[in-house]
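Notes to accompany the following structure.
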Amino acid sequence: MDTTFALAPQNEITRVLDSGESLMWSGAPRQGMLLRPNDAYMIPFSLLWGGFAIFWEASVLRISGPNAVFMSLWGIPFVLIGLYMIVGRFFVDARIRAKTFYGFSNRRAIIISGLFSRTITSLSLRTLTDVSLQERPDRTGTILLGRPQPYSSWSSGMRWPGMSQYSTPAFEMVPNAKAVYDQLLEAQRAVA
Numbered sequence: 027m028d029t030t031f032a033l034a035p036q037n038e039i040t041r042v043l044d045s046g047e048s049l050m051w052s053g054a055p056r057q058g059m060l061l062r063p064n065d066a067y068m069i070p071f072s073l074l075w076g077g078f079a080i081f082w083e084a085s086v087l088r089i090s091g092p093n094a095v096f097m098s099l100w101g102i103p104f105v106l107i108g109l110y111m112i113v114g115r116f117f118v119d120a121r122i123r124a125k126t127f128y129g130f131s132n133r134r135a136i137i138i139s140g141l142f143s144r145t146i147t148s149l150s151l152r153t154l155t156d157v158s159l160q161e162r163p164d165r166t167g168t169i170l171l172g173r174p175q176p177y178s179s180w181s182s183g184m185r186w187p188g189m190s191q192y193s194t195p196a197f198e199m200v201p202n203a204k205a206v207y208d209q210l211l212e213a214q215r216a217v218a
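Going by my numbering, the sequence shown opens with residue 27, and the numbers climb by one from there.
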């Protein structure tokens, strides 16, 4: 791992700590392009959606008449959504994860993320409930910092504008997730 990137989470999280807070752990999600479990459904769906939208647009561009312009304009948003679902979402997801940093101090859990603007999410360890771990065989995992939202797993890795407010804060795809989870629970017990 690049040492510059290895220090980035620590530097980013340390900047937002209050006086008297000490950083106990910092990290970042797995980097690069990757497939998620929900892609087993999303890839076929996106190919059907995008394929139909492109077929529609190509068909409409060949017709003439009073409605031809309207119908060709009508199909453009559907083609763009299809292209985003087929390929764009992988690039957006990778870029967001490249700008995401996690950490927790002796007082709170912190998530710094954002594509075009920076969002800092801070959760008090004292009031944090329903902390859970989803671990993979390779020991990477996701630590959910709250109760999972219904159907949130369907949109995992699928970033839509305005939808982040409906997702549970989480440390996604962190290496050695069980060790981080245990350390977080220990920090939580210390502030109780």
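Positions of the beta carbon are idealized from the N, C-alpha and C atoms, including for glycine.
Inter-residue spacing [alpha-carbon to alpha-carbon] between residue i and residue j
i, j, result
"L43", "L99", "50 Å"
"T40", "P195", "19 Å"
"I146", "A94", "47 Å"
"A66", "S45", "46 Å"
"T166", "N202", "5 Å"
"G58", "D164", "17 Å"
"R144", "S131", "20 Å"
"I89", "I112", "27 Å"
"L152", "M50", "What sits at residue 152 in the sequence shown is Arg, not Leu. Looking at the two C-alpha atoms, the distance is approximately 15 Å."
Buried versus exposed call for residue i [16 or more other C-beta atoms within 10 Å across all chains shown]
i, result
"L73", "exposed"
Per-residue DSSP class, three states only, for residue i
i, result
"S139", "strand"
"M69", "Checking the sequence shown, residue 69 turns out to be Ile, not Met. In this structure, I69 counts as helix in the three-state DSSP scheme."
"E198", "strand"
"T145", "strand"
"Q160", "strand"
Chain C contact for residue i (CB, 8 Å cutoff)
i, result
"I107", "Annotation note: the requested chain C is absent from the structure, which comprises a single protein chain."
Residues near residue i in its chain [Cβ-Cβ closer than 6 Å; skip 5 each side]
i, result
"E198", "P55, T168"
"F104", "A79"
Own chain residues within Cβ distance below 7 Å of residue i, not counting five before or after
i, result
"L149", "R134, A135, L171, P195"
"Y207", "L159, I169"
Anticipated Cβ contact below 8 Å, residue i with residue j, distance rounded
i, j, result
"G140", "K125", "6 Å"
"S193", "Q175", "6 Å"
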